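In our numbering, the protein residues as written are -5 to 70. Presented below is the structure to which this report refers.
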């Protein structure tokens, strides 16, 4: 199970757009351009969604780091 970093929606886009033969097999060469396009669009969307102000950056970082810094008894 390869993790390409795609969301479920992006994976479904790739699967929907990928041609297959009569037996349902997919040629590797047919998948590459589709995955590339999906990754380009995903990267563009991530860039557009990036925080632009210091306050927005602080909120994003606080949320991201709070997931990993929950105090437990093993932290002491």
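C-beta: ideal position from N, C-alpha, C; glycine also. It should be emphasised that the depicted structure is a prediction, and the values quoted were computed from it without experimental measurement.
Between residue 11 and residue 26, the C-beta spacing is not below 8 Å. Counting along the chain, the unbroken alpha helix (DSSP H) around residue 5 starts and ends at 2 to 11.
Listed in chain order, the non-local C-beta contacts of residue 14 below 6 Å within the same chain comprise 20, local neighbours out to five positions each way being set aside. The DSSP-derived three-state label of residue 17 is coil. The residues 28, 29, 32, in chain order, have a CB closer than 6 Å to that of residue 8 in the same chain once the five nearest residues on each side in sequence are set aside. When C-alpha distances from residue 1 are compared across 37, 24, 17, the shortest belongs to 37.
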